[in-house]
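Trainee: Before I ask anything, let me first share the structure, which is written out below as structure tokens.
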Amino acid sequence: MTSSVVEKDTDIIEPTRTNSSEVFETDQPITKTKSSVLADLERSISAGIHEDTARASSKKRYFILFILCLSLLVTSIEQTIVTTSMPAIAEDLGGSSSQYSWVGTIYVICSAAVIPTAANISEIFGRKVVLLACLTIFLVGSAVSGAATSMGMLIAGRAVQGLGGGAVNCLCYMLSADISTIKERGIYTGLLGSTWAVSSAIGPLLGAALTTHVTWRWIFYINLPVGVPVLILIYMFIHLKHESVQLKKGLYSLDILGTITLTSATILLLLGLSWGGVSFPWTSATVICPLVFSVVGYTLFVLIELHASRPVFPMRLLNGRTKAAGYITNFFQGITYMGLCFFLPIWFEAVKGQNTMHAAYSLMSFVVPIGFGSGIGCVLISLLGSYQLIIWVSFAASTLFNGLMIMLGVDSKPAFFFTILVLLGLFLGVCFQTPAIPIQCVIEDEDVGPCNSAYIMTKLIGMSFSIAISGVALANEMDRLLDTPTYAPLKGLVRGADLTSVLADGQLTFAGENVDLARELYAHSFTALFIFYTVVSGIAFLCSLPIQKHEMPDRIQSAQTAL
Numbered sequence: 001m002t003s004s005v006v007e008k009d010t011d012i013i014e015p016t017r018t019n020s021s022e023v024f025e026t027d028q029p030i031t032k033t034k035s036s037v038l039a040d041l042e043r044s045i046s047a048g049i050h051e052d053t054a055r056a057s058s059k060k061r062y063f064i065l066f067i068l069c070l071s072l073l074v075t076s077i078e079q080t081i082v083t084t085s086m087p088a089i090a091e092d093l094g095g096s097s098s099q100y101s102w103v104g105t106i107y108v109i110c111s112a113a114v115i116p117t118a119a120n121i122s123e124i125f126g127r128k129v130v131l132l133a134c135l136t137i138f139l140v141g142s143a144v145s146g147a148a149t150s151m152g153m154l155i156a157g158r159a160v161q162g163l164g165g166g167a168v169n170c171l172c173y174m175l176s177a178d179i180s181t182i183k184e185r186g187i188y189t190g191l192l193g194s195t196w197a198v199s200s201a202i203g204p205l206l207g208a209a210l211t212t213h214v215t216w217r218w219i220f221y222i223n224l225p226v227g228v229p230v231l232i233l234i235y236m237f238i239h240l241k242h243e244s245v246q247l248k249k250g251l252y253s254l255d256i257l258g259t260i261t262l263t264s265a266t267i268l269l270l271l272g273l274s275w276g277g278v279s280f281p282w283t284s285a286t287v288i289c290p291l292v293f294s295v296v297g298y299t300l301f302v303l304i305e306l307h308a309s310r311p312v313f314p315m316r317l318l319n320g321r322t323k324a325a326g327y328i329t330n331f332f333q334g335i336t337y338m339g340l341c342f343f344l345p346i347w348f349e350a351v352k353g354q355n356t357m358h359a360a361y362s363l364m365s366f367v368v369p370i371g372f373g374s375g376i377g378c379v380l381i382s383l384l385g386s387y388q389l390i391i392w393v394s395f396a397a398s399t400l401f402n403g404l405m406i407m408l409g410v411d412s413k414p415a416f417f418f419t420i421l422v423l424l425g426l427f428l429g430v431c432f433q434t435p436a437i438p439i440q441c442v443i444e445d446e447d448v449g450p451c452n453s454a455y456i457m458t459k460l461i462g463m464s465f466s467i468a469i470s471g472v473a474l475a476n477e478m479d480r481l482l483d484t485p486t487y488a489p490l491k492g493l494v495r496g497a498d499l500t501s502v503l504a505d506g507q508l509t510f511a512g513e514n515v516d517l518a519r520e521l522y523a524h525s526f527t528a529l530f531i532f533y534t535v536v537s538g539i540a541f542l543c544s545l546p547i548q549k550h551e552m553p554d555r556i557q558s559a560q561t562a563l
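Heads up, the sequence shown is in the UniProt record's numbering, so the first residue is 1 and it goes up one at a time.
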């Protein structure tokens, strides 16, 4: 007869030791069943598997971040690479001071204009396909810019570059948010911000080297051999979860009217600001009409966004003190950052008499610390779990060092102005990405994409305003000084509207006793510009004060996570 064996949970007696503070000296038994021991073992094995999976996932996320940094490096370097090459470009293609500004401005305007649409399309069709398309557009624009035979063709190529580059910049930040928790995001954002800032540092130096030793055309062509491998890496290694959407349905949901209105209003505003007092009087219809129509355009844009089913800039992103303060401070930081990056090379050449390469090396004393500051600020926030004090101190310090720039002149010692530039760059770098973190702490999960695109867009709009307004302010101040008896001998030799036309590799194109007087003229004109940046930086500091303290949750918010 076969006997059946019935398994039952048997008691397993395990001794449990008391600590010295307990009254009883004997060991007290605790009872565990066989099934509970097996459950504990299963949980332990499961925890080990999850730990290994998390470690593998973390490695993959950092590799994706590396690819994103490469993409950002290729596109963001174009914001500053032209700064030291523009005198050579203007000499080769011809062009006025206003066209000089537009070579830089058009890139930033198109970058800002395309961001909401690119972000919107990526929410519908997925980040990867949009990133590949936009990087391809950027490379096409690079080829057109390098082959330019006129200033108009160059500006057109830069516009195409900006459309692709702005979208790539935005998508890199959106992808980093897709694969990180809010607590980790400081590190991810810091690395991307450092890449952006370091590429700005490399840009002027690389532009000067290529212009001096090869040709200015290679400041654009160089993107092709670098950008194509990045396209391959994106295609092969970035895979994200995304629900497929029908093409017709996806296109129908785009806020095309809002995009066109925002872009048109921004271009009209910049046209009015860049023409005023330089090409036309401020009271002329040519200046007043674009400014008035831009105000009308922005008003219409707000009304459109309030009723759009999928707005390019949801108005709810401005609800609350922290969100509004974060975007406003970011806008003003963009003005200071881009203005100094774009016009400091002219200061080095016109005031200090440095050649193009020397000016590029000197600019690195400002932009390299920006890269370090951007990374340090965001990493500190992630480690400390707090952001208010870091943001306030950095904006206050950048205002202080912007103020010290007012003291710079022809006779300023290198040790003095380089110390100011290093410290200003460091604290301005901390301001670069830190305002984004408190914004992301208070948004809803579905607003991760729009939040990142709005942050990049406000910075780029600030940067485009900076180039236009700074050029106008510098030209107007120079023309005002030329009307004074002190600088009357320079009238006819120098003109605010063409302030770079008298520079050739750091040397003024006229000789004699007027050279020293001209350097004084440039120095005093730049003083007005430094005052402007100090005021803007001070406003940014005041606007940062309403930022509130919020918890930084340790979870991923986005639906488009890496597989």
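Ideal Cβ placement from N, Cα and C applies to all residues, glycine included.
By the three-class DSSP mapping on this structure, what secondary structure does F416 have?
Mentor: Here F416 sits in helix by DSSP.
Trainee: Pick out whichever of G152, I109, T215 has its Cα sitting closest to the Cα of L268.
Mentor: It is I109 whose Cα lies nearest to the Cα of L268.
Trainee: Closest to M405 by CA distance: which of F465, A523, Y361 is it?
Mentor: Nearest of F465, A523, Y361 to M405, Cα basis: A523.
Trainee: L408 and I370 - do their beta-carbons sit closer together than 8 Å?
Mentor: No.
Trainee: Could you spell out the range, first to last residue, of the alpha helix (DSSP H) harbouring H524?
Mentor: Residues 514-544.
Trainee: Relative to the alpha-carbon of D255, which residue among I222, I67, F301 has its alpha-carbon at the smallest distance?
Mentor: Nearest C-alpha to D255: F301.
Trainee: Do G165 and E78 have their C-beta atoms within less than 8 Å of each other?
Mentor: Yes. Within cutoff.
Trainee: Within a Cβ cutoff of 8 Å, which residues of the same chain sit near H550, ignoring the five residues on either side of it in sequence?
Mentor: So the qualifying residues of the chain are T322, P438, C441, V442.
Trainee: Going by beta carbon distance, what residues of the same chain come within less than 7 Å of I456, once the five residues before and after it are set aside?
Mentor: I115, N169, C170, Y173.
Trainee: Could you please give me the residues that DSSP links to G403 through a beta bridge?
Mentor: None; G403 has no bridge partner.
Trainee: What did DSSP end up calling G385 once you bin it into helix, strand or coil?
Mentor: Coil, per DSSP.
Trainee: Counting beta carbon pairs with one atom in the segment 64-73 and one in the segment 226-234, are three or more of them shorter than 8 Å?
Mentor: Because the criterion of three Cβ pairs below 8 Å is met, the segment 226-234 and the segment 64-73 touch.
Trainee: Given a threshold of 16 other Cβ atoms within 10 Å of its Cβ, counted over all protein chains shown, does N452 qualify as buried or as exposed?
Mentor: Flag for N452 reads buried.
Trainee: Which whole-angstrom value describes the C-beta separation of L191 and L65, a residue pair presumed to lie in contact below a C-beta threshold of 8 Å?
Mentor: That belief holds up - the Cβ atoms of L191 and L65 are roughly 6 Å apart, short of 8 Å.
Trainee: To which residues of the same chain is A167 closer than 6 Å at the C-beta, ignoring the five residues directly before and after it?
Mentor: V114, A118, C134, listed in sequence order.
Trainee: At which residues does the alpha helix (DSSP H) containing residue 579 begin and terminate?
Mentor: Because the chain here runs from 1 to 563, residue 579 falls outside it and cannot be looked at.
Trainee: Any contact of the segment 456-467 with the segment 410-422, i.e. 3+ C-beta pairs under 8 Å?
Mentor: The segment 456-467, when compared against the segment 410-422, does not touch it at the 8 Å Cβ threshold.
Trainee: On the three-state DSSP scale, how would you describe T149?
Mentor: In the structure shown, T149 sits in coil (DSSP, three-state: anything other than H, G, I, E or B).
Trainee: From residue 564 to T181, what distance separates their C-alpha atoms?
Mentor: Only positions 1 to 563 of the chain appear in the structure, and residue 564 is not among them; the question remains open.
Trainee: Report all residues from its chain with a CB closer than 6 Å to the CB of F332; omit the five preceding and five following residues, and keep chain order.
Mentor: Excluding sequence neighbours, F332 sits near V536, I539, A540.
Trainee: Going by Cα to Cα distance, which pick from A308, W275, T211, I335 is closest to T261?
Mentor: Closest option to T261, Cα to Cα, is A308.
Trainee: Counting Cβ pairs closer than 8 Å, one from the segment 213-230 and one from the segment 385-396, do we hit at least three?
Mentor: These segments do not touch.
Trainee: Going by beta carbon distance, what residues of the same chain come within less than 8 Å of T93, once the five residues before and after it are set aside?
Mentor: The question names Thr, but residue 93 in the sequence shown is Leu. So the list reads A148, T149, S150, M151, L154, once near-sequence residues are dropped.
Trainee: How should E305 be labelled, buried or exposed, when 16 other C-beta atoms within 10 angstroms of its C-beta is the threshold for buried?
Mentor: So E305 ends up on the buried side.
Trainee: I believe A112 touches T299 by the beta-carbon criterion, under 8 Å. Please report the beta-carbon distance rounded to the nearest angstrom.
Mentor: Not confirmed; about 19 Å, so no contact.
Trainee: Within 10 angstroms of its Cβ, does Y361 collect 16 or more other Cβ (buried), or is it exposed?
Mentor: Under this definition Y361 is an exposed residue.
Trainee: Buried or exposed: where does S284 fall if 16 or more other Cβ atoms within 10 Å of its Cβ makes it buried?
Mentor: Per the 10 Å Cβ criterion, exposed.
Trainee: Should T534 and N330 be called a contact, given that it needs their Cβ atoms to be closer than 8 Å?
Mentor: Contact flag unset, no.
Trainee: Run the CB neighbour count on K491, radius 10 Å, all protein chains shown included, and call it buried at 16 or more, exposed below.
Mentor: Exposed, by the Cβ-count rule.
Trainee: With C-beta atoms as the reference, is T189 less than 8 Å away from Q433?
Mentor: Taking 8 Å as the Cβ cut-off, T189 and Q433 qualify as a contacting pair.
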